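Heads up: the structure comes next, in C-alpha cells.
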C-alpha cells in the first residue's frame with residue numbers, strides 16, 4: 166500500500182499458484198502459498214513461501230526476486246552448506262535480526278533454521294521430532310510441535326510460536342538456550358499473572374514493539390494477549 170497515494174498494488178506474484186523463477190520481475194514470478202514476510206536490514210522483503218519450500222527475497226529498488234533458501238523440495242537437508250541448496254521442510258515464517266542473520270520457522274520440520282551473513286544454513290532449534298521438551302537446555306535438542314511464527318525481540322533473542330504446544334518459546338541467542346516464555350498448556354486463563362501460568366490456544370503470531378511489549382495472536386481464544394515487564 167503506497168502511503169502517498171493510499172493505493173494498493175501487487176509487487177510479488179502473478180496471482181496464479183506456481184514455483185516462480187529467480188532474477189526476473191517479481192510480478193512475473195509465481196508463488197504457491199506465501200505465509201509470512203519480513204523486512205531485512207537492507208530494506209529487502211523476505212517471503213516465506215510455505216508450499217514452495219523456499220524463502221524468497223524481493224528487492225524494491227530493482228523490482229526483482231531471488232531465492233535465499235530452499236530448492237523447492239520438501240525436506241530438511243543441507244545444514245552447514247549454502248542455504249540456496251538446502252531443503253526446507255515447511256517454510257512457514259521468517260525474520261531477521263539486527264546484524265543480518267535470517268531465521269526460518271519450519272512448520273512440518275519442527276525446527277528453527279538460521280542463515281548467517283555468509284549464506285550458510287544451520288539448525289539452531291528442534292530435533293525434527295514432534296514434542297514439548299528442552300526448556301533450560303540447548304535449543305538444538307529441544308522438541309517443538311508445528312511452530313507457525315518467529316520474530317526477534319529487541320535484544321536479538323528469538324521468539325517462536327510453538328502452536329501445537331500452545332506456547333511461546335524463546336531462544337536466547339548468546340547461549341542458544343530455549344525456554345517457555347508464555348503458555349505451555351491449552352487454556353484461556355491467566356490474565357494478570359505470570360505468562361508461563363497462562364493458557365493459550367494454538368497461537369499463530371507474535372511481535373515485540375519498540376517499548377518491549379510482546380503481543381501474541383492467541384488464535385483459538387480469539388484474542389490478542391500482551392506481555393509487559395516492568
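Numbering (my numbering), first residue to last: 166 to 395.
Think of the CB as a built atom: it goes at the ideal place given N, C-alpha and C, for glycine as much as any other residue.
A quick note: this is a predicted structure, and the numbers were derived from the prediction, not measured.
Measuring alpha carbon to alpha carbon, tell me which residue in the options is nearest residue i.
{"i": "residue 260", "options": "363, 322, 236 and 171", "result": "322"}
{"i": "residue 216", "options": "271, 372 and 243", "result": "271"}
{"i": "residue 184", "options": "348, 380 and 213", "result": "213"}
{"i": "residue 209", "options": "194, 218 and 232", "result": "232"}
{"i": "residue 186", "options": "361, 236, 202 and 169", "result": "236"}
{"i": "residue 355", "options": "247, 269, 200 and 390", "result": "390"}
Return the bridge partner residues of residue i from the DSSP annotation.
{"i": "residue 182", "result": "196"}
{"i": "residue 371", "result": "381"}
{"i": "residue 247", "result": "285"}
Give a single yes or no on whether residue i has its beta carbon closer than 7 Å to a heavy atom of the ligand NAP.
{"i": "residue 231", "result": "For the structure depicted, the ligand NAP is absent and the ligand set is empty, with no information on it obtainable."}
Please report the distance separating the alpha-carbon of residue i from that of residue j.
{"i": "residue 205", "j": "residue 331", "result": "28 Å"}
{"i": "residue 300", "j": "residue 174", "result": "44 Å"}
{"i": "residue 257", "j": "residue 296", "result": "18 Å"}
{"i": "residue 224", "j": "residue 275", "result": "29 Å"}
{"i": "residue 277", "j": "residue 328", "result": "14 Å"}
{"i": "residue 289", "j": "residue 305", "result": "5 Å"}
{"i": "residue 335", "j": "residue 314", "result": "12 Å"}
{"i": "residue 363", "j": "residue 309", "result": "19 Å"}
{"i": "residue 380", "j": "residue 222", "result": "26 Å"}
{"i": "residue 194", "j": "residue 367", "result": "33 Å"}
{"i": "residue 386", "j": "residue 188", "result": "42 Å"}
{"i": "residue 180", "j": "residue 199", "result": "11 Å"}
{"i": "residue 361", "j": "residue 338", "result": "20 Å"}
{"i": "residue 346", "j": "residue 269", "result": "19 Å"}
{"i": "residue 171", "j": "residue 369", "result": "29 Å"}
Would the beta-carbon of residue i fall within 8 Å of that of residue j?
{"i": "residue 365", "j": "residue 344", "result": "no"}
{"i": "residue 326", "j": "residue 371", "result": "yes"}
{"i": "residue 342", "j": "residue 294", "result": "no"}
{"i": "residue 267", "j": "residue 197", "result": "no"}
{"i": "residue 241", "j": "residue 228", "result": "no"}
{"i": "residue 177", "j": "residue 230", "result": "yes"}
{"i": "residue 319", "j": "residue 265", "result": "no"}
{"i": "residue 286", "j": "residue 243", "result": "yes"}
{"i": "residue 291", "j": "residue 307", "result": "yes"}
{"i": "residue 317", "j": "residue 262", "result": "yes"}
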